[in-house]
Every structure is written in C-alpha cells, then in structure tokens.
Amino acid sequence: MGDAAAKEGLTGDFGENGTGMNGADPEDAGVNDSGKGVARSAELVDGGGAPAECMAPSAARGAAGAGRTGTVKGSGPARRLIPVRAGVTAETVAGDGARRPERRGRDRSNRAANRRPPVDPWRNSRGTPDAPVVIVEYADFECPYCARAAGILRELVDSSDGQVRHVFRHFPVFDLHPHALTAALAAEAAGAHGRFWEMHDLLFANQDRLADRYLMGFARAVGVEADLVVGDPAQPYGDAVEADYADAAQRRVRGTPAIFVDGERYRGRLELGPLRAAVGRAAAGRSAAGRSADDRAGRWLRRAPRPGR
C-alpha cells in the first residue's frame, strides 16, 4: 500500500469476516443494532448457496427505488438525503431514523440537473476492457461481506488471464451504515483523479474508520488532495452514486454484495471456486451462442475448480 498509507496508519489486510484487522466494536464501526443481526460471512441464507448480505431494510420492504442520492457536509451524525422512490427524497437525521418525505419541485435547478451528461456505468472497472465475461458488483463500503468480496473478486480478475472484467457500482445501505454514502462520494472523487481502486481498497481495509478525517487521510495516501473528497467538493459525485443505486433498484437488489455474472444474478458461495465455475458457465454460454470465447479463456476455465472443491 506504500509509505503514504503506512504514515496514515492504514491497514491493508482483511480480517476473518472481511472487516479491518483492528477489531473495533460494530457500533464504533457505524453499524447500528439492526446490523448486528446480519448472518456471519461464512453463514448461508435462504437455506442454500446464497452468501450472507448486508440487507437494506427499506429495500426489503419494497420502498427503495430510483431516487435522489446526496449528502450534506460531513459523514458523522449529520442530516443527509437518502434514496427512496422516484421523484421523492427522504430527509433523515442519522441516529433517530426519522424520515420526512418531500416531493422534488419542478423548478429551474431541477430542470438544469436533468440536463447533466449521463453517468458512465462502466467507469469503475478492473480487468481487460474487452474481456469475454463481465462481473457487475453492487456494494457498500461499510458492508463486511463486501470487504470479503473485494479480495476474492480481485483474485478472480488477476488470475483470469484477461478473461474477466469487474465493474463496481454503489449501493449504500443507508439504513444500517451511516458512513456508506460519504465513503461512496469519496471513492468517486478519487476516481475522478484516476485513484478509484486505490481508494476502494483502503475503504474496505479500514471499515471502522470512515469519518471525514479518515477519508481525507485516505485521499492523501492515494495521492489526491484531501479537501476534494469530503464536504462540498464531493457533492457533485452524488449523481454517479444515484445512478448506480437506481440501476441496482431496477435489478431488484436488496442487499450487498449483489453480484451479476454476464447479467445473471450470482447466488452461490462467496468463494473463488464457485465464482470461477459461474464464469465458466457464462463463457460456455457465450461460446454456444456463437459469441467470443478464445483458447486462452478455455484453458483458464478448465483450470477453474468446481463448486465445493
């Protein structure tokens, strides 16, 4: 991670459950009581192969949708806007959970906002751009299972011989994670300076330290001006987070991490072997349909372990 990260006192290793190694109490890490009931990362839900997730309570109730995402300055117990149904914002004060839905007016500022250039949904991607298999992940920087997935997906891409592309999209579980939204904005701000993945890795490795002062330290560690990733300078990146959230809502995402392999929802174990097998099936489907699958892909996929091995 380099000398800069070491000077900031940042960790680079994931703990047993995908969290940072310093073992902070869950409440100190920004997870409230409802988050403590989430299954352990090794535990399966739905009685089968689905990995444990950080669930969004409002999404599970069917309330989450394509709404406006934004925050005010600061990532502590501050007032923020959270995404709900299309055309509606819900204002909440972190800590008391009270919401006051407000319909957005059709004023001049909103019409101007609607004319902004579209967000590139593929902007945060790792791997060969023309890889035959694409994995899209919807994640939350405070979700411990997402932290675990980060290392596994990195290894999957790095070992794929150019056959897998990983695309990251934001789905902040705001009901559980008070810092998820500002962490997402900081990652997007770093991405504007070509440092998204460096910031991504630091955020997941330090999940109990996501207040503004730490986000600024992470920015310095990856070579981005600290003041650019928090407060007012980070607010314009809310459009990108909003677009990702809306996309996730359209795909009926209800928790994180949510992983799609070539457009199909992955519901297996969050392990390298089963993920490789899913990639193999996707590549085989492409080949059967007459789409691209070269010899290198075939060699790599034959080496992929089967589920359970």
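For the sequence shown, position 159 (counting from the first letter as 1) is numbered 260 according to my numbering, and the numbering increases by one without interruption. Just so you know, even glycine gets a beta-carbon here, dropped at the ideal spot from N, CA and C.
- Excluding five sequence positions before and after Met317, the CB atoms of its chain that fall closer than 8 Å to its own CB belong to Ala327, Asp328, Val330, Val331, given in chain order.
- Contact between Ala232 and Arg266 holds: CB atoms are separated by about 4 Å, below the 8 Å threshold.
- By the criterion of at least three beta-carbon pairs nearer than 8 Å, the stretch 301-308 is not in contact with the stretch 344-353.
- Setting aside the 5 residues that flank it on each side, Tyr315 is surrounded in the same chain by Asn307, each with a C-beta closer than 8 Å to its C-beta; the list follows chain order.
- Rounded to the nearest whole angstrom, the C-alpha separation of Arg270 and Ala385 is 26 Å.
- Beta-carbon to beta-carbon, Phe272 and Val354 are separated by about 6 Å, close enough to satisfy the 8 Å threshold.
- Cα atoms of Ile236 and Asp363: separation of roughly 6 Å, rounded to the nearest angstrom.
- The residue among Arg377, Ile360, Trp223, Gly263 with its C-alpha nearest the C-alpha of Phe297 is Trp223.
- Contact annotation, Glu154 with Pro358: C-beta distance approximately 7 Å; criterion of less than 8 Å satisfied.
- Under DSSP, Cys244 shares a beta bridge with no residue.
- A distance of 8 Å or more separates the beta carbons of Gly252 and Thr229.
- Between Pro334 and Ala290, the gap from beta carbon to beta carbon is short of 8 Å.
- Per DSSP, the beta bridge partners of Ile360 are Glu238, Tyr367.
- Bounds of the alpha helix (DSSP H) holding Gly339 are 339-351.
- The bridge partners DSSP lists for His294 come to none.
- Secondary structure at Arg270: strand, using DSSP grouped into helix, strand and coil.
- Arg227: not part of any alpha helix (DSSP H); member of the beta strand (DSSP E) spanning 226-228, first to last residue.
- The alpha-carbon separation between Val268 and Leu254 amounts to approximately 10 Å.
- Just so you know, the alpha carbons of Leu371 and Ala250 end up roughly 7 Å apart.
- Distance check between His278 and each of Ser261, Asp241, Ala349 places Asp241 closest, using alpha-carbon atoms only.
- Residue burial annotation: Arg366 is exposed, with fewer than 16 other C-beta atoms found within 10 angstroms of its C-beta.
- Secondary structure of Val258 (DSSP, three-state): helix.
- An exposed status is given to Gly295, since fewer than 16 other beta-carbon atoms sit within 10 Å of its beta-carbon.
- Residues of the same chain with a CB within less than 6 Å of the CB of Ala349, apart from the 5 flanking positions on each side, are Tyr239, Phe272 in chain order.
- Val265 sits in a strand when the DSSP states are folded into three classes.
- At least 8 Å separates the beta-carbon of Gly339 from that of Leu303.
- With 16 or more other Cβ atoms inside 10 Å of its own Cβ, Asp313 counts as buried.
- Approximately 12 Å separates the beta-carbon atoms of Ala378 and Val234; this is outside 8 Å, ruling out the contact.
- Closest by C-alpha distance to Ala288, out of Arg387, Gly324, Met156, is Gly324.
- Annotation: the continuous alpha helix (DSSP H) that includes Leu316 extends over 313-323.
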